[in-house]
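Residue numbers (the numbering used here): 63 to 324. Where a beta carbon is used, it is the ideal one built from N, C-alpha and C, also for glycine.
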Amino acid sequence: MKVLVTGATGFVGHRLLLLLREKGHEPVVLSRDVDQAWVRLPLHCSVISWNPLAGDPPLKAFEGIEAVVHLAGESVAEGRWTPPRKDKIRRSRIESTRRLVHAMRQASPRPAVFLCASAIGYYGMDPRAEFTETSPSGEGFLAEVCREWEKEAFGAAEAGVRTVVLRIGLVLGDHGGAMARILPPFRAGLGGPLGNGTQWMSWIHRDDLAGLIVHALEHPTVEGGVNAVAPQPVTNAEFTRCLARELRKPAFLPAPASVLRL
């Protein structure tokens, strides 16, 4: 299968490219900076230039493409959510998806399947609720962004393209993702729970997420919204204890609630 991928130089995209190649698929990458992509990609593959905020990707990018995976988007974890930053987060997801789907609909033939990243932020932040794929969307900035993001993604379904939206949890793994920010204070012996530690953490390992993406591409019965999380969530306090035990470090310094609101 020839697979067009955005966000390929990121933490998840990097692993996905390797897995696609391992499974015998042919990845093709869309990137804003072709030269940098060739330096950062884990394997040699075709790279096509596309600035998601400047216009649609070129139709030549879809030649022979059977599947499209859209992972690109501004990080939500870096920096405070100032109004300009919120705008970047929103535009990098919603506008890029709209333009990608618009180009996909013009392609002939169209790809058979479109997989678009979303996030469990779709459900909002109710600490007492359990969410399944049939749960309604919640309140707040992330929920609003995810609703609009998914609406644009399902434009591909309206054109007859099987569409899968992965509502991704906290992605864990070595050398990047959430662990890149979590590990340094723990290794310094300064780790601890966030606030009272009762917050639920719905997580997934990067390797499992890459595997889920490939599974969804390869199995036509998978479509619609899919929660990309491990079967059992943990509280932040439980996660903190497990991580501290593995690192053999103390974890007694909780981050104050005021820090969490920054």
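> Between the segment 123 to 142 and the segment 67 to 74, do at least 3 Cβ pairs fall closer than 8 Å?
Replying inline: Yes, since at least three Cβ pairs between the segment 123 to 142 and the segment 67 to 74 fall closer than 8 Å, the two stretches touch.
> For PRO246, does the count of other Cβ atoms within 10 angstroms reach 16, so buried, or fall short, so exposed?
Replying inline: exposed
> Within the chosen definition, does the segment 247 to 255 reach the segment 305 to 312 through at least 3 CB pairs nearer than 8 Å?
Replying inline: yes
>> Once the 5 residues before and after HIS164 are set aside, which same chain residues still bring their CB inside 7 Å of it?
In response: ASP118
>> Determine whether the beta carbon atoms of LEU234 and ALA242 lie at a separation below 8 Å.
In response: Result no, Cβ atoms of LEU234 and ALA242 do not sit closer than 8 Å.
> Under a three-way DSSP split, which group does SER137 fall into?
Replying inline: coil
>> Taking its Cβ as the centre, do 16 or more other Cβ atoms sit within 10 Å of LEU324, making it buried, or is it exposed?
In response: Low per-residue confidence applies at LEU324: pLDDT is 41, beneath 50, and the placement is therefore not dependable, though the value from the model is reported in the following sentence. Exposed, since its Cβ has fewer than 16 Cβ neighbours within 10 Å.
> In terms of DSSP beta bridges, what is SER111 paired with?
Replying inline: SER93
> Buried or exposed: which applies to GLU140, given that a residue is buried once 16 or more other Cβ atoms fall within 10 Å of its Cβ?
Replying inline: Of the other Cβ atoms in all chains shown, fewer than 16 fall within 10 Å of the Cβ of GLU140; this residue is therefore exposed.
> Relative to the alpha-carbon of LYS213, which residue among ARG83, GLY286, GLY86 has its alpha-carbon at the smallest distance?
Replying inline: GLY286
> Is the Cβ-Cβ distance between PHE301 and GLY254 less than 8 Å?
Replying inline: no
> Hey, which unbroken runs of the beta strand (DSSP E) at 3 residues or more fall wholly within the segment 164 to 240?
Replying inline: Counting only runs of 3 or more, we get 175 to 181, 224 to 230, 232 to 234.
> Considering only C-alpha positions, which residue in the set LEU82, MET63, GLY183, SER158 is nearest to ARG94?
Replying inline: Checking every option, the nearest Cα to that of ARG94 belongs to SER158.
>> Could you give the first and the last residue of the continuous alpha helix (DSSP H) run that contains ILE275?
In response: 268 to 280
>> Let's see if you can read the secondary structure: which residues bound the beta strand (DSSP E) around GLY75?
In response: Taken as a continuous stretch (DSSP letters only), GLY75 belongs to no beta strand (DSSP E), being part of the alpha helix (DSSP H) at 73 to 84.
>> Let me check one thing: in DSSP terms, what residues is GLU88 bridge-paired to?
In response: LYS64
>> For MET263, count the other beta carbons within 10 Å of its own beta carbon; 16 or more makes it buried, fewer makes it exposed. Which is it?
In response: buried
> Is the Cβ-Cβ distance between VAL175 and VAL227 less than 8 Å?
Replying inline: For VAL175 and VAL227, no; Cβs fall outside 8 Å.
>> Please classify ASN298 as buried or exposed, where buried requires at least 16 neighbouring CB atoms within 10 angstroms.
In response: buried
>> Distance cutoff 8 Å, beta carbons only. Does PHE248 sit that close to anything in chain D?
In response: Protein chain content of the structure displayed is limited to a single chain, and chain D is not contained in it.
> Near LEU80, which residues of its chain fall below 7 Å by C-beta distance, leaving aside the five closest residues on each side in sequence?
Replying inline: PRO104, LEU105, listed in sequence order.
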